[in-house]
Amino acid sequence: MTVTVRSFAKINLGLYIGALRADGFHDLRTVYQTIALHDVIRVGVARGTGIVIVCTDPRVPRDASNTCHRMAERVLDKLDATGRVTIEIEKQLPVQGGLGAASSNAVATMIALERALKRRLTQAARLRIAADVGSDLPQFLVGGTSLGVGRGEEVYPVPDLPPLPVVVVTPEIGVSTPQAFADWDELTHSDASDRLLEVGRALSAWMVSPNTGASARSGSRAGSLLLDLVRTGIENDFERVVFPQYPELRDIKGLLERAGASYASLSGSGSTLYGLFRTREAAVKAVLRLRKQGLRAQATVTLTRAQYWKRSLAASR
Ligand code: C5P
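Listed below in structure tokens is the structure:
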């Protein structure tokens, strides 16, 4: 039996890096937001043993280092199940691009494998296994708009932003996240301040603003909600270490702003940049302009939690 799951990407609406912890991870605060760009994961289980990764993209590892492989191992172990697991990854999202593709692929593998085995893990077990495989996996078990704290693995759903048009630019640069964190330590001398507390206050103020919550469900509120968020002064700390190394990424952020983005930023540690737009028409116009400038740009939209789950599972049989 083969189960197909869409594996959606995320962007970070602000990302703040705190102190280096004793376990080698950094404390952080971020707002994760799932978007409609996706890979497709197909998981099949047959008699026998072993985990096989099938992917035509040469940049995707096919050995035990692949996040999907690591996930399948853990799920089989937890469910005390056996079988020959084949995981096919249909790659559209960038590799090492800051859109969380490898993490999303691993969570899609978990969901598909449970269905293929006709077995279920508890939500708590899913979250534990996801966090064990990587810091930004658990948010793909939540979807929509969520707040990430701890090393990013502790994730809380927050009121969904209404669907917002997004333009994503994916340069052909892979950025190593561990290296970007190490560069951050060098830049800041791991200077821990109470900055994350201030950030937490700004984010919670945004979450209780009049435009969030139940009253914000209709799309007409999208603009003011977005403005509220932008007014909090959201920033991605990784820009401070990644832009000096890849100045072309800073230039692309500027081009997104000039193409009309209400807000533009690096996603995660990059190299993807995104811009938030008020209307779909404005986003499409910006894409045409950015493509003329030689960039790989795509128009997409943010996904609410309900849309994320509906569309993830729509392809599953
Ligand atoms: O959790 P994940 O496997 O994505 O983390 C990869 C590496 O990135 C970690 O080993 C660590 O060096 C760095 N990292 C960090 N702080 C975080 C998340 C990741 O320093 N919050």
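So for the sequence shown, this note's numbering puts the first residue at 1261; every next one is plus one. Note that the Cβ used here is the ideal one computed from N, Cα and C, for glycine as well.
Consult DSSP for residue i and reduce its assignment to one of helix, strand or coil.
i, result
"ASN1326", "coil"
"ASP1392", "helix"
"ARG1556", "coil"
"TYR1506", "coil"
"ARG1380", "coil"
"THR1539", "coil"
"LEU1359", "coil"
Between the options, which lies nearest to residue i when the distance is taken from Cα to Cα?
i, options, result
"LEU1401", "LEU1407, GLN1439, GLN1383", "GLN1383"
"PRO1318", "GLY1308, PRO1354, ASP1283, GLY1284", "PRO1354"
"SER1325", "ARG1411, ALA1559, ALA1296, ILE1311", "ILE1311"
"ARG1538", "HIS1449, SER1529, GLY1520, ALA1366", "GLY1520"
"ARG1386", "VAL1409, GLU1413, SER1406, GLY1408", "GLU1413"
"ASP1451", "PRO1417, ALA1279, ALA1465", "ALA1279"
"LEU1463", "GLU1495, SER1453, VAL1435, GLY1360", "GLU1495"
"SER1527", "TYR1568, PRO1422, ASP1497", "ASP1497"
"LEU1509", "ARG1266, GLY1357, PRO1422, ALA1543", "GLY1357"
By a C-beta neighbour count over all protein chains shown, 10 Å radius and 16 as the cutoff for buried, is residue i buried or exposed?
i, result
"THR1327", "buried"
"LEU1548", "exposed"
"ILE1277", "buried"
"MET1331", "buried"
"LYS1270", "buried"
"HIS1329", "buried"
"VAL1418", "buried"
"THR1532", "buried"
"ALA1476", "Unreliable placement is indicated for ALA1476, whose pLDDT of 49 sits below 50; the coordinate value is still reported in the next sentence. By the 10 Å Cβ count, ALA1476 comes out buried."
"THR1264", "buried"
Check: Hey, is the stretch 1420-1430 in contact with the stretch 1508-1524, meaning 3+ C-beta pairs nearer than 8 Å?
Finding: yes
Checklist line | Every unbroken beta strand (DSSP E) inside the stretch 1398-1475 [3 residues or more] | finding: 1405-1409, 1414-1417, 1425-1429
Check: So does the stretch 1355-1368 actually touch the stretch 1390-1398, counting three or more Cβ pairs closer than 8 Å?
Finding: yes
Check: Considering only residues of the stretch 1305-1353, which uninterrupted alpha helix (DSSP H) runs meet the minimum length of 4 residues and lie entirely inside it, listed in chain order?
Finding: 1327-1339
Note to self: Can you confirm whether the stretch 1337-1349 touches the stretch 1276-1291 when touching is taken to mean that 3 or more C-beta pairs between the two stretches lie within less than 8 Å?
What the structure shows: no
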